[in-house]
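Numbering-wise, the numbering used here comes out as the position in the sequence shown, counting from 1, plus 170.
Accompanying notes for the structure given below.
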Amino acid sequence: MRPPFRFPEDLITLQQAWQQTYAELAQAPAGAGTTALRRRLIALSGTLCTHPHWATPAAWRTGGVELRRATHTSVSTEGEGAA
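Set out below in structure tokens:
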């Protein structure tokens, strides 16, 4: 079994913000003004991809999925409480 990935807190916070924004965009009704959400998602994507944690070329490929898995459950849980 592999040891769990350890991510910096700011990277986890960025990923959670990305997932929350994505969820809001996915739930927006057709015709709703989604420009601000789309722009925020693009900005967060750029910040995530250029984070210093991913300095080595293989880091994003090996850690990107693990980061999303690590933050997915916390965003899902928060979303359920808000409904």
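Idealized CB from N, CA, C, for every residue including glycine.
Only a predicted model underlies this, so the values are computations on that prediction, with no experimental measurement involved.
Check whether residue i and residue j have beta carbons under 7 Å apart
i    : j    : result
W188 : L214 : yes
T191 : R209 : no
Local Cβ density within 10 Å of residue i, reported as buried at 16 or more and exposed below that
i    : result
Q185 : buried
T183 : exposed
T205 : exposed
T241 : buried
Discussion item. Is it the case that the segment 217-226 contacts the segment 196-203, given that we only count it when at least three CB pairs across the two stretches are under 8 Å?
Written reply: Under the 8 Å Cβ criterion, the segment 196-203 does not count as touching the segment 217-226, having fewer than three qualifying pairs.
Worksheet item: Which ranges would you report for the alpha helix (DSSP H) in the segment 187-234 if only whole runs of at least 4 residues count?
Response: Runs of the alpha helix (DSSP H) inside the segment 187-234: 205-219.
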